[in-house]
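Q: Here it is: the structure, laid out below.
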Amino acid sequence: MSYSESVEQAISNIKQQTVLMQRSLNNRKLMDALKFTSTMLTELRNPRLLPKQYYELYIQIFDSLTILSAYLVENHSNGHHLADLYELVQYAGNVVPRLYLMITVGTSYLKIPESPREEILKDMIEMCRGVQNPIRGLFLRYYLSQRTKQLLLPEDDKDSIEFNSQFIITNFIEMNKLWVRLQHQGPLRERDQRTKERKELQILVGSQLVRLSQVVDDNLKLYKIEILPILLEQIVQCRDVVCQEYLYDVICQVFPDEFHLKTLDSLLDTSLQLSTEVSVTKIILTLITRLNGYIERVQQENENRDESNNIFQRFWKHLLKLNEERPDLSIQELSGIILGIMNLSLTWYPDNIENLNRLFSLVAQKCKDFGEEKTSESESFMVDLLTAQKLEVVKDFPIYYFNLITQCESFRTLLTLQSSSSQMEVLTKIIDSFLGRLMGTKQQTRNKDGDKSQLLITSKTQLERFLAVLEPMITHKDTKKENDEGNDTISREFTLSIYQEKLTKICHFLMLSLDKSTFKTIESEIELLLMIKNVFHKGGKNIKFTYPAIITNFWRMIRKCNIYKKRIPKKQIYYDNLIKQNFKYISRCINDMFNNCGKNSVDTIYKLNLQNAALADQLSLVDISYDFFSEAFSVFEESLSDSKTQFQALIYMAQTLQKTRSLYKENYYNSLIVRTTLHGSKLLKKQDQCRAVYICSHLWWATEISSVGEEEGETTDFFREGKRVLECLQRSLRAADSRMDNVESCELMVEILNVCLYYFVHGDEQTTHVGVSYINGLIELIKNNLKSLRLEEEQRLSEIDTTKIDSDNETNTSPYNKYNYVMGLDGTYIKLGNVNNSSSANIDFKVKDMKINDMIQIPIKHFDRTCEYILNQRDIDNRFKTVVI
Amino acid sequence: MSTRKKNILKVIILGDSGVGKTSLMHRYVNDKYSQQYKATIGADFLTKEVNIDSDKIATMQVWDTAGQERFQSLGVAFYRGADCCVLVYDVTNTKSFQNIKSWRDEFLVHANVSSPETFPFVLLGNKIDADDSKKVVSNKAAQDLAASLGNIPLFFTSAKTAINVDTAFQEIARSALQQNQNDADAFEDDFNDAINIQLDNDTNSCSC
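Quick mapping for you: the protein sequence lines, in order, are chains S and V.
Per the working numbering, the very first residue in the first sequence carries number 1; after that it's consecutive.
Per the working numbering, the very first residue in the second sequence carries number 1; after that it's consecutive.
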C-alpha cells in the first residue's frame, strides 16, 4: 500500500476510505472496515508532508477513527471482543497504520469497565517507541494523548494520579526528544526551514503540558515535587533554543499563577541555566506578566494575597546574579528586564519607592560602566525606563512620578546621565502627566479616594528635589540659535520655547500643590515661590519665559495678603509690609530679566511694569504704582524703538492709566497722562500720532468701573476735563489733515468723527466741549475730502471700463474686489471675506491683492456707517437732529 | 435517514483570549469551575454524551481552542467537520464583543462548510455574573449582533455560577444534530457516484 502523491488526493482518498469503512461497519463487516482504515492511515506515512498538511490529514483521520471507535465500543459484547481485536491489529503491515489502529482499539477497550487499563496504557505508550521519525512520531503520540484524554485511571487515589501524570510526562519527554531531533536531521542548508517546521509543531509538545496541568489540577505538592523538576530538567538538558524558549513560556502559561509564586526560585534559577541565545528578557517578562495577573485576579475577587514571599526581593537577587553571570547582556536587554521588574514592583508594592531606587541605581551604574557608547536605541530604552510610559500600571497610579521625583534619589542620578534630548523627552512626559492630572483633578477626586490622587508638596525638601529634577530643563539651551546679535533677534523674540512653556505651567502646578496644612502662612508660600525663582534663575536667558509665571504668583500672594489684611485688621501693618515686600521681589525679577535678557525682553518688561502699576493702584499703593509707571516710561523711552511697538505700548499705557483711581493725589495722574499724550504726539508716523492722541483724549474722560462701585450718572467725582479732550481731538485732527495720503487722511477723520460722537453722546456740550457745530464742521470737512476722492475714483473706473473689453474672463468682475475692507485701529487692513459671507476676517498690514478702489471704499463706507448711526440716533436723542449730514 | 445509530457531534468554541471558553466547556462537561487562569494551547476537546429532545442520543465533542493566535501554530484544520460553532465574548470586554464577527468569518474561511448561510452558530455572552458596573456590552447590542448574523441563538451565560450553561449547550447540541443530519444526507447523495468510480479503479489496480 502506498500514499497519495498530493495532499488533495490524500484528502479525497481519506474521504472515500471513510465512506467505505462506514458502509462496512453498517454491514457489520469489521475486517473490511479495518482494511479501509488501514488504507487511509497509509496517507500518514508520506514523508514529504509539511507539518500543516500532515495536521490536516491527521484531523480528517481522527474524525474517521472516532466513528470506528464508537462502533468498536458498541459491539464489544457483540462478538468483537476488544482484547482480541487489540491482538489482531498488531498484524497490520506498516508500523504507522498499525499503531494508530492499536491506539484506536486500545482506547476503545479502555472504555469497557472491566478492561485492564493500566496494562493497556503501558503497552500503548511502550509501542509508540516504534516510530522514531520526528513528525510521524509527534503526531502518533499526540493521537495517543488525545485518545486517552478522558480514559486514564480514575483520579480518585494518589497512586492513579501519579500513574496518569507519569504517563503524560513519559509521552512528553519522548515527544520533546523527537521535536529536538528534527532540528538535527537533514542537510545544514535547510536549517531555517526546519526551525520553521519545529515552531509549527511546537503545540503538539506544548499540549502535553496542558494535559499535565489538567491532571495536576490544584495539587501543588505533586506539581512542585514530581512534575516541575522533571520538566525543567528536560528543558535545561535539551540545550535547544527553540525548545527552551517555547516550553518555558508554556509552563508559565498553562500552570496556575499561584504555583509560580510557590516555585519562583526554581523557575528563576532555571532561567540562568538556559542557552545564552535564549532571550532572558522574554522569559522573565512572561513570568512577571503571570505574577501581575495573579495580583489583578486576587484584587478583583477580593481574596487575600499570598504574602509569604517577597517577590521583588527574589527578582532583585536574580537580577544581580544575571548581571554578574551574564556580562554579555546588552544594556537594552537588561533595561527590558528592569522595566519588567519595575512593573512587578509597582503592581505588587505600589508604595515602595525604595525598590525603584535600587533598580535605577543599578542602571545608573551600568550606564557609567558602558560609558560613552550610547546608541540611539539604548537611549530610547532609557527613556522608556525613566518614564515607564509603557507600563499600564503607571496610568492608574497618579502619584508615581511625584513619588519618583521626591523620593527616588537614583532616578535623578540616572536622568542626568542621559543625553540632553533624552532628558527633555523624559521631563516633558513627566510634566505633561502632572498637567494632565491637574486638568482632570475634579473628576479624579470624585472617582477615587481623593487623598491618594492628590499630589501635595508637604515639605521644602520635596520641592527642592522636584526642582533639582527639573534643572536640566531649566538650564536647557536651544542649540539652534545662540547668537545674541544678528538679524534674527525679532523672530527669536516671538519664538516660544516649548520647554520653558512647560516650566511656567509646572510653576503654577507646584504653587497649587502646596499642602495647606504644612504651609499655613503666606510667608511660607512666598518662601517656596522664592525657591522656585532661584532655581529658575539658573536658566539665564530662559527667565524671560519663566519669570512671568513667578511674577504672576507673586500677584496671587499680594491679592491674598490684601484679603487677609481686610479680614484681620490687627495685622494690617504686617500684611502691608508683606505686600510691599512682594512688590520688591517682583521688581527684582523684572530687573533680573532686564539684565539677563536685554533687548529680547523689553516688551515683556514694559507690560509687566504696567500690570504691576495697575495692581498697586488697585490696592491704593500710590507710590508703588507711580514707580512702576515711571519704570514703564523709562523702558519706553530707552528701549522701545520700533514704531509699531511704540504705538502699541502707548495704547497699553493709556488703557492702564484710564482705569487707575488712586493716582489723583500728588498730581501723579496728571503728569502721567500728559507724558503719555506727549509721547503719542511725537510718534514717528502721522497716522500713529493721530490715533494715539485721540485715544489719549479718553485719559481726561474717566468712565465707570462697575466692580469698584462706580456708576454712570450716579458717581459724581469722575475725573473729566472736556477742554483737554477737545484739545486732544484738535491735535489729532491736525495730524490727520497733514497726512499726505488722502485716503488715509479721510479715514482718520472719520475715526475722529466717531470719537467726537462718543463724547457727544456721553456728555453735554459744556462739559465735553465737543458740540454740534464742531461735529458739523468736521462732517463738512470729511464730505469735501470724500468728494475729491470720488472724483479720483470715477476717473479710474472709466479707465477700467476701457480695458475690460480685452479680458473676456473677467467680464463679470466689478471694479471692486469681492472683499470688504475696513481699517483697524492700529492701521491694519482687515479683509472681511466676501460680501455675502462676512464671517471670516483677515488681518494684514498690507494686502497684496487689494485694488486702489477698495482702498477708496474704506473711508467712504466708514463714513456711510457713521452717518447711518447718526440717523438712527435721531430717534432716541433729539440733539442728533441738529447734526447735518 | 441516517444510517449511524449514534451521532458524533463536533462543536467548536471560538472567541478572544480570556473570555472563558475553557471554563464554559469544563462547566458543561464536568460541572466544575476554577478561578485560575490557564491559557489554552492549540485545540483540545472533551466529549459528553447528550440527550437531545429526550429521544436522541449523541456524543458531543466540544473543541476548546486557543484564543491567542501564537498558540495555534499548526493552523486550524480542526475546524473541518464541525457541526456547530459557538462564538463567545466577555460581557465585560468590548473588544471581545467587537471581534465576534471576525471569529465567525475566520471560521467560515477555514471550516469549509457546505452552506455557510445555514451553518449553525450560537452566540454566548459570558461572565454575566460580573458586577453591573463592569458590564460594558449591552444586551441590546448583543441581540442586534445575533440578529445581524442571521438570527442566531444568543445566551447570556456564566461559567462561574453555571447560569444558562446547560440551556445553551442543549441548544448547541440541537443545532449540531440538525446540521449533522443534513450533512450526512447530502454526503450520501454526493458520494454514491464517486465511490463507484473508485471501486472500479480498485478492481483495475487489482487485476494488474
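For glycine and all other residues, C-beta sits at the position ideal for the given N, C-alpha and C.
Leaving aside the five residues before and after Ile888(S) along the sequence, list all residues of the same chain whose C-beta is less than 7 Å from its C-beta, in chain order.
A: With chain S running from 1 to 885 in the structure shown, residue 888(S) is simply not present.
Q: Count the CB pairs spanning the stretch 730 to 738 of chain S and the stretch 763 to 773 of chain S that are closer than 8 Å, and state whether there are at least three.
A: Contact fails: fewer than three Cβ-Cβ distances are below 8 Å.
Q: Against chain V, with Cβ distances strictly below 7 Å, would Gly206(S) count as a contact?
A: Yes, Gly206(S) lies at the interface with chain V (some Cβ there is under 7 Å from its Cβ).
Q: Could you name the residues of the same chain whose beta carbon sits closer than 8 Å to that of Lys644(S), not counting the 5 residues immediately before and after it, in chain order?
A: So the list reads Asp826, once near-sequence residues are dropped.
Q: Among Thr107(S), Met593(S) and Leu182(S), whose alpha-carbon lies nearest the alpha-carbon of Asp123(S)?
A: Of the listed residues, the one whose Cα sits closest to Asp123(S) is Thr107(S).
Q: Would you please verify whether the beta carbon of Ser160(S) is less than 7 Å from any beta carbon of chain A?
A: Considering every chain present, this structure includes no chain A. Its protein chains are S and V.
Q: What residues of chain V sit near Ile67(S), judged by a beta carbon separation below 7 Å?
A: Chain V residues near Ile67(S): Ile8.
Q: Using beta-carbon positions only, say whether Asp64(V) and Asp44(V) come within less than 7 Å of one another.
A: Against a cut-off of 7 Å, the Cβ pair of Asp44(V) and Asp64(V) comes out as a contact.
Q: With DSSP run on the structure shown, which of helix, strand or coil describes Lys599(S)?
A: In the structure shown, Lys599(S) sits in a helix (DSSP, three-state: H, G or I).
Q: Report the three-state DSSP secondary structure of Phe121(V) (helix, strand or coil).
A: Three-state DSSP puts Phe121(V) in a strand.
Q: Which whole-angstrom value describes the C-beta separation of Leu217(V) and Lys48(V), a residue pair presumed to lie in contact below a C-beta threshold of 8 Å?
A: Examination of residue 217(V) is not possible in this model, given that chain V is present from 1 through 208 alone.
Q: Between the Cα of Ser497(S) and those of Glu5(S), Lys544(S) and Ser459(S), spot the shortest distance and give me the residue it belongs to.
A: Nearest C-alpha to Ser497(S): Lys544(S).
Q: What do you reckon, are the CB atoms on Ile128(V) and Val91(V) nearer than 7 Å?
A: Yes.
Q: Name the chain V residues whose beta carbon is nearer than 8 Å to that of Gly293(S)?
A: Those within 8 Å of Gly293(S) in chain V are Tyr37.
Q: Between which two residues does the alpha helix (DSSP H) holding Met939(S) run?
A: Lying outside 1 to 885, the shown extent of chain S, residue 939(S) is not represented and no answer is given.
Q: Give me the subset of the stretch 59 to 89 of chain S whose CB atoms are less than 8 Å from a CB atom of chain V, sorted by chain position.
A: Hits within the stretch, in order: Ile59, Gln60, Asp63, Thr66, Ile67, Ala70 and Glu74.
Q: Comparing the C-beta of Ser23(V) with each C-beta of chain S, is any distance below 7 Å?
A: Not one chain S Cβ lies under 7 Å of Ser23(V).
Q: Along the beta strand (DSSP E) that carries Met60(V), what are the first and last residues, could you check?
A: Taken as a continuous stretch (DSSP letters only), the beta strand (DSSP E) holding Met60(V) covers Lys56 to Thr65.
Q: For Gln181(V), tell me which candidate among Val165(V), Ala66(V), Asp83(V) and Asn51(V) has the shortest Cα-Cα distance.
A: Comparing Cα-Cα distances from Gln181(V) to each of Val165(V), Ala66(V), Asp83(V) and Asn51(V), the minimum goes to Asp83(V).
Q: Would you check if there are 3 or more beta carbon pairs closer than 8 Å linking the stretch 69 to 87 of chain V to the stretch 54 to 66 of chain S?
A: They touch, by the three-pair rule.
Q: Roughly how many angstroms separate the alpha carbons of Leu789(S) and Val743(S), rounded to a whole number?
A: Roughly 7 Å between the two C-alpha positions.
Q: Is it a yes or a no for the stretch 308 to 328 of chain S touching the stretch 336 to 349 of chain S, going by three-plus beta-carbon pairs under 8 Å?
A: Counting Cβ pairs under 8 Å, three or more are found: they touch.
Q: Let me check understanding here. Comparing Cα to Cα, which of Gly18(V), Ile52(V), Asp166(V) and Leu74(V) lies closest to Gln202(S)?
A: It is Leu74(V) whose Cα lies nearest to the Cα of Gln202(S).
Q: So, Val469(S) versus Arg559(S), is the Cβ gap smaller than 7 Å?
A: No.
Q: Give a yes or no on whether the minimum CB-CB distance between Glu5(S) and chain V is below 7 Å.
A: No - not a single Cβ of chain V is within 7 Å of the one on Glu5(S).
Q: Measuring straight from C-alpha to C-alpha, what distance separates Met749(S) and Asp623(S)?
A: Taking the straight line joining both Cα atoms gives about 39 Å.
Q: Count the other CB atoms within 10 Å of the CB of Pro154(S); is the residue buried (16 or more) or exposed (fewer)?
A: By the neighbour-count rule (16 or more Cβ atoms within 10 Å), Pro154(S) is not buried but exposed.
Q: Where does His698(S) land, buried or exposed, given buried means 16+ other C-beta within 10 angstroms?
A: His698(S) is buried by the Cβ-count criterion.
Q: Report the residues of the stretch 39 to 52 of chain V with a CB closer than 9 Å to any CB of chain S, ordered along the chain.
A: Residues Ala39, Thr40, Ile41, Gly42, Ala43, Asp44, Phe45, Leu46 and Thr47.
Q: Out of Asp875(S), Ile830(S) and Leu204(S), which one is the CA nearest neighbour of Gln857(S)?
A: The candidate whose alpha carbon is nearest that of Gln857(S) is Ile830(S).
Q: Looking at the C-beta of Gln193(S), does it have a partner C-beta in chain V at a distance below 7 Å?
A: No, its Cβ sits nowhere closer than 7 Å to a Cβ of chain V.
Q: Name the two residues that bound the continuous beta strand (DSSP E) containing Thr47(V).
A: Ala43 to Ile52 is the span of the beta strand (DSSP E), which, as asked, contains Thr47(V).
Q: Using a 10 Å radius around the Cβ and a threshold of 16 neighbouring Cβ atoms, would you call Asn93(V) buried or exposed?
A: That one is buried.
Q: Give me the subset of the stretch 67 to 96 of chain V whose CB atoms are less than 8 Å from a CB atom of chain S, sorted by chain position.
A: Under the 8 Å Cβ criterion, the stretch 67 to 96 of chain V contributes Phe71, Gln72, Ser73, Leu74, Gly75, Ala77, Phe78, Arg80 and Gly81.
Q: Tell whether a beta-carbon distance below 7 Å holds between Pro120(V) and Leu108(V).
A: The answer is no: Cβ separation not under 7 Å.
Q: Report yes if the CB atom of Gln244(S) is closer than 7 Å to the CB atom of Leu267(S), and no otherwise.
A: No; because the gap between Cβ atoms is not below 7 Å, this pair is not in contact.
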